[in-house]
Amino acid sequence: MEIYALVGTSGTGKSYKALELAYENDIKYIIDDGLLIHENKIIAGVSAKQAKTVMGAVKRAIFNDENHREDVKLKLQEENIDKILVLGTSNKMISQIVEKLEIKEIYKIINIKEISSDIEIAISKESRKRGNHIIPVPTMEIKPIASGMSINSLKRFFRRNNNTCKIIEKTIIRPTFSYIGKFYINPSVIEQIINYEISKIEKIEKVNKLDVVNTGNSIEIYLNIKINDASQIKECYKIQKIIKENVEKITLINVEKVNICINKLTKNFV
Numbered sequence: 005m006e007i008y009a010l011v012g013t014s015g016t017g018k019s020y021k022a023l024e025l026a027y028e029n030d031i032k033y034i035i036d037d038g039l040l041i042h043e044n045k046i047i048a049g050v051s052a053k054q055a056k057t058v059m060g061a062v063k064r065a066i067f068n069d070e071n072h073r074e075d076v077k078l079k080l081q082e083e084n085i086d087k088i089l090v091l092g093t094s095n096k097m098i099s100q101i102v103e104k105l106e107i108k109e110i111y112k113i114i115n116i117k118e119i120s121s122d123i124e125i126a127i128s129k130e131s132r133k134r135g136n137h138i139i140p141v142p143t144m145e146i147k148p149i150a151s152g153m154s155i156n157s158l159k160r161f162f163r164r165n166n167n168t169c170k171i172i173e174k175t176i177i178r179p180t181f182s183y184i185g186k187f188y189i190n191p192s193v194i195e196q197i198i199n200y201e202i203s204k205i206e207k208i209e210k211v212n213k214l215d216v217v218n219t220g221n222s223i224e225i226y227l228n229i230k231i232n233d234a235s236q237i238k239e240c241y242k243i244q245k246i247i248k249e250n251v252e253k254i255t256l257i258n259v260e261k262v263n264i265c266i267n268k269l270t271k272n273f274v
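The numbering used here runs 4 ahead of the 1-based position in the sequence shown.
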């Protein structure tokens, strides 16, 4: 296994450049901020971006927790890895990660200044000042673990030296520890949002019961409704979609499911 290391101080754009560097060197595996990534998919680990404090994020990034560490080590052993890219803020951090995960010695160390211009690094630092962090995987991979965080997709068209091209997708997030203070959303607020959206849907005559269940990284919504006509049952999928999209858009909280139970019809089948 050849271990490539990308080194740069915090906020200089390592995660931003990681996919391009990996693609250019035919590297299919990346270790970044506590995650083991294979071809744009998270296959093991826990993101340091989920930590509530900066110190917690650092400990997670260097696999300080035994269960976290063993999970990634096991996956590394299962995979047939010929090359892997490890990201770190210093040579010392890279060495700590390599030692804790018990993988081979470093094959090549690349400094972020070798692959990024001074302007690119300055832009990355300015973005970090605003609390933005990048994870080198598509947004769909991040949503399940980033409930309550600001998430934005970033796509880039990248051309390799041999003229082959690829669209690379990354995700910009704002972790909990990057905010100034904290915010909380009372469950009653979510219920008000749902009731407001439902009030705009003529097909629902009445909501008999509404429950919002917090599952930790997401919420589940349970609705008992009364509809006007049996022919409108097929519209429930659209209603689910409307509720899910609007709750996620307004609160930034992931909606795992919207369960609808029709417990009364005004009109029966003809």
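Virtual Cβ for every residue (Gly too), placed ideally from N, Cα, C.
(1) On a CA-only basis, which of R73, G38, I47, E43 is nearest K53? Give me that one, please.
(2) Hey, how far is the Cα of R132 from the Cα of V262?
(3) Round the Cβ separation of A9 and I127 to the nearest angstrom and send it over; I've been treating them as touching at under 8 Å.
(4) What does a CB cutoff of less than 7 Å around K104 pick up in its chain, not counting 5 residues either side in sequence?
(5) Which ranges does the beta strand (DSSP E) cover as unbroken runs of at least 3 residues, wholly within the region 20-96, from first to last along the chain?
(6) By a C-beta neighbour count over all protein chains shown, 10 Å radius and 16 as the cutoff for buried, is V58 buried or exposed?
(7) Just checking my contact of Y33 with I88 at CB under 8 Å: how many whole Å lie between their CB atoms?
(8) When the Cα atoms are used, what is the spatial distance from G17 to K129?
(9) Give the secondary structure of D233 by DSSP, where H, G and I count as helix, E and B as strand, and everything else as coil.
(10) Under 7 Å Cβ to Cβ from V50, same chain only, skipping five residues before and after it: list those, please.
(11) Give me the Cα-Cα distance between I7 and V216, rounded to the nearest whole angstrom.
(12) Rounded to a whole number of angstroms, what is the C-alpha to C-alpha distance between I116 and M5?
(13) What separation, rounded to the nearest whole angstrom, lies between the Cα atoms of D75 and A48?
(14) When the Cα atoms are used, what is the spatial distance from F199 to D233?
(15) Would I107 pass as a contact of L78 if the rule is Cβ separation under 8 Å?
(16) From which residue to which residue does the beta strand (DSSP E) around N250 run?
(17) Provide the residue span of the beta strand (DSSP E) that contains E109, from first to last.
(18) So the beta strand (DSSP E) N199 belongs to, where does it begin and stop?
(19) Which two residues bound the contiguous beta strand (DSSP E) that contains E209?
So, from the data block:
(1) Locating residue 53 in the sequence shown gives position 49, where the first residue counts as 1. Measuring from the Cα of K53, the nearest candidate turns out to be G38.
(2) Counted from its first residue, the sequence shown places residue 132 at position 128. Counted from its first residue, the sequence shown places residue 262 at position 258. About 35 Å.
(3) Here residue 9 refers to the residue found at position 5 of the sequence shown. Here residue 127 refers to the residue found at position 123 of the sequence shown. At roughly 23 Å, the Cβ-Cβ gap does not stay under 8 Å, so A9 and I127 are not in contact.
(4) By one-based count along the sequence shown, residue 104 stands at place 100. Same-chain partners within the cutoff: I66, F67, R73.
(5) Taking 3 residues as the minimum length, the beta strand (DSSP E) runs contained wholly in the region 20-96 are 33-36, 39-42, 45-49, 87-92, in order along the chain.
(6) Here residue 58 is taken as the residue at index 54 of the sequence shown, counted from 1. Exposed, since its Cβ has fewer than 16 Cβ neighbours within 10 Å.
(7) Indexing the sequence shown from 1 puts residue 33 at position 29. Indexing the sequence shown from 1 puts residue 88 at position 84. Right, their Cβ atoms sit about 4 Å apart.
(8) The residue labelled residue 17 in the question sits at position 13 within the sequence shown. The residue labelled residue 129 in the question sits at position 125 within the sequence shown. So the two alpha carbons sit approximately 8 Å from each other.
(9) As a position in the sequence shown, residue 233 is number 229, starting the count at 1. Here D233 sits in coil by DSSP.
(10) Stepping through the sequence shown from its first residue, residue 50 is reached at position 46. Non-local beta-carbon contacts of V50 in its own chain, meaning distances under 7 Å to residues more than five positions away in sequence, involve G38, R64, H72 in chain order.
(11) Counting from one through the sequence shown, the residue named residue 7 turns up at place 3. Counting from one through the sequence shown, the residue named residue 216 turns up at place 212. Going by the C-alpha atoms only, they are around 46 Å apart.
(12) Sequence index remark: in the sequence shown, residue 116 carries index 112 (1-based). Sequence index remark: in the sequence shown, residue 5 carries index 1 (1-based). Cα-Cα distance, rounded: 22 Å.
(13) The sequence position of residue 75 within the sequence shown is 71, counting from 1. The sequence position of residue 48 within the sequence shown is 44, counting from 1. Near 7 Å, if we compare the C-alpha coordinates of A48 and D75.
(14) The residue labelled residue 199 in the question sits at position 195 within the sequence shown. The residue labelled residue 233 in the question sits at position 229 within the sequence shown. Note that residue 199 corresponds to Asn in the displayed sequence, not to Phe. Inter-residue distance for N199 and D233 is about 20 Å (C-alpha atoms, whole angstroms).
(15) Translated into positions along the sequence shown, residue 107 becomes position 103. Translated into positions along the sequence shown, residue 78 becomes position 74. Their beta carbons are not under 8 Å apart, which means I107 does not touch L78 by this criterion.
(16) On the sequence shown, residue 250 is found 246 positions in, with the first residue counted as 1. That residue, N250, is in no beta strand (DSSP E); its alpha helix (DSSP H) goes 240-255.
(17) Along the sequence shown, one-based indexing puts residue 109 at 105. Segment: none, E109 is in no beta strand (DSSP E) and carries neither H nor E.
(18) The count along the sequence shown starts at 1 and reaches residue 199 at position 195. Per DSSP, N199 belongs to no beta strand (DSSP E); it is in the alpha helix (DSSP H), 191-203.
(19) Against the sequence shown, residue 209 aligns to sequence position 205. Segment 208-218, the beta strand (DSSP E) holding E209.
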